[in-house]
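A short write-up of the structure that comes next.
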Amino acid sequence: MESKNKEATKESSEDFEAYLQNAVHGGYVCMAIGIGLDTGLWQVLCDLDGRPKTAREIADRAGLKERYVREWLGTMVMAKIVNIKEDQPETYYIPEHRIPVLHPRRGKTVTLYAKTVSTLSGVSKDVVERFKKDGPNGIAFHRYSDYEASLAEVRRRWLDDYLIQEFIPTVVGLQEQLESGINVLDLGCENGVFVNILAQTFPNSRIYGVDISQDYINAGEKSAQQKGLKNAFYTCCDAAQLDAAWSNQFHYVFISDSLHDFAYADKVLEEIHRVMNADGQLSIIDTYSHTKLSKNQAQADKLLVRYVSSLMYCLPLSLNYEGSLGLGANWGIEAAVKLLEDCGFESKMQSTPGRSGLHFLCTKKTL
Ligand SMILES: C[S@@+](CC[C@H](N)C(=O)[O-])C[C@H]1O[C@@H](n2cnc3c(N)ncnc32)[C@H](O)[C@@H]1O
């Protein structure tokens, strides 16, 4: 009998089951990696520089209970991340080539991302409620505090390592403008890392951060104060309703990984058009995906995490506001370019150093 779906014939049920098994395996490993970060066990193992130690010695160095540490080491051995030696008692070590990946401060962000699996899964029951026809539409930001905390280090790394060194030079003339003194606006500034780095590096410029969360604004202000910055300014408001006195005041506007989260992204762009001066430039960093789902299939491996985080974070966050556009992280470049055009911007797309996101560099359309 002819199959209803030819695709299905290429894959056996066993292949498919093995594929799912692999996915389950990955989820469990990520949870245990996260525990290693929170307990400081990665730090201890990395500091050993490949020298094997017993569970007792590792637990003592971490100031933790031996029994739990031994259980965790067992999971990491099974996950093929930590190696074991058949000493008496058995000893554990991380091979040296894995240390540059696993180190909690100097390692790769993949280890930090692993932890977001458990922090994001904390809202899965809330998300299920949002699917229900009679359930609420969105989820309030404070429900994501654990997830946000786990992402904060990933975001900070990029800002520390790439913002000044590699990203700013990709915006024509910006470095010189920042040195001589301009007004800059970061929308969805979170805890102000972008604002404070820029304010510190370019003391002649005035850097403004806007976020809808008062907690983030407080954190940004506190950190600016601690650094003694006099040119960092923070406002807690909706980016769709900026200060009436800001018309034509900004030479550069920056939005990183936030436009699709904004409930009223169209109004935000209209507001940017109002507050940006005629020669101003707008940088938007957003997901590099297409608006048509079928066009994204070829890069499913790269985009899968963005799809899941959009389902569980970006979409419920934006739908928490009445009348939200509910874009989701994978609204795609075609929809983004159209919205930018409708709101009076010309945009060109370029890659973002050190990140998979796409950089839309925009100027006001000339009439
Ligand atoms: C995904 S985070 C991105 C943070 C940061 N820009 C980065 O790249 O790491 C989105 C930020 O946008 C803020 N946000 C969401 N809706 C907003 C709105 N309508 N107006 C201003 N900020 C908003 C959130 O509070 C959060 O700090």
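Just so you know, the sequence shown maps onto residues 108 to 474 in the working numbering.
Glycine included, C-beta positions come from ideal geometry on N, C-alpha and C.
Asked	Found
Any chance the CB of residue 323 is under 7 Å from a heavy atom of ligand 1?	yes
Give every residue of the same chain whose Cβ lies closer than 8 Å to the Cβ of residue 222, excluding the five residues on either side of it in the sequence, and list them in chain order.	137, 140, 141, 144, 145 and 257
How far does the beta strand (DSSP E) with residue 467 in it extend, from its first residue to its last?	465-471
Counting only the same chain and skipping the five closest in sequence on each side, list residues whose C-beta sits under 8 Å from that of residue 127.	none
What does a CB cutoff of less than 6 Å around residue 460 pick up in its chain, not counting 5 residues either side in sequence?	269, 273 and 274
Only counting runs of 4 or more residues, tell me where the alpha helix (DSSP H) segments fall wholly within the segment 157-215, in order along the chain.	162-169, 173-185 and 206-209
Exposed or buried, what is residue 372 when buried is set at 16 or more other beta-carbons lying within 10 Å of its beta-carbon?	buried
Pull the bridge partners of residue 274 from the DSSP assignment, please.	Partner(s): none; residue 274 has no beta bridge.
So, helix, strand or coil for residue 301, using DSSP?	helix
Check the C-beta distance from residue 147 over to residue 200 and give it rounded, since I have them as a contact under 8 Å.	That pair is no contact at about 17 Å.
Using the beta carbon as the reference atom, which residues fall closer than 5 Å to any heavy atom of ligand 1, ordered along the chain?	262, 295, 297, 318, 319, 320, 345, 346, 363, 364, 365, 368 and 369
Identify the residues that DSSP records as bridge partners of residue 294: which are they?	317
Assign residue 218 to buried or exposed, taking buried as 16 or more other Cβ atoms, counted over all protein chains shown, within 10 Å of its Cβ.	buried
Between which two residues does the beta strand (DSSP E) holding residue 362 run?	357-363
Using the Cα positions of residue 308 and residue 336, report the straight-line distance between them to the nearest angstrom.	10 Å
Would you check if the segment 244-259 and the segment 416-426 touch, i.e. whether three or more CB-CB distances between them fall below 8 Å?	yes
Applying the criterion that 16 or more other CB atoms from any shown protein chain within 10 Å of the CB defines a buried residue, is residue 449 buried or exposed?	exposed
List the whole-angstrom C-beta distance separating residue 367 from residue 295, where the pair is believed to meet the contact cut-off of C-beta under 8 Å.	Between residue 295 and residue 367 the Cβ distance is about 10 Å, and since that is not below 8 Å, they are no contact.
Can you tell me whether residue 427 is helix, strand or coil according to DSSP?	coil
Whole angstroms is fine: what's the gap from residue 191's alpha carbon to residue 298's?	41 Å
Of all the options 390, 165 and 160, which has the alpha carbon lying nearest to the alpha carbon of residue 279?	390
Which residue marks the beginning of the beta strand (DSSP E) containing residue 232, and which one marks its end?	No beta strand (DSSP E) contains residue 232, which is instead part of the alpha helix (DSSP H) from 231-238.
For residue 443, collect the residues of the same chain with a Cβ closer than 7 Å to its Cβ; drop the 5 residues on either side in sequence, then sort them by chain order.	393 and 467
When the distance is taken between beta carbons, is residue 262 closer than 8 Å to residue 290?	no
Going straight from the alpha carbon of residue 108 to that of residue 231, what length do you get?	Residue confidence is low: residue 108 scores 47 on pLDDT, short of 50, so the model does not pin down where it sits. No coordinate-derived value is stated.
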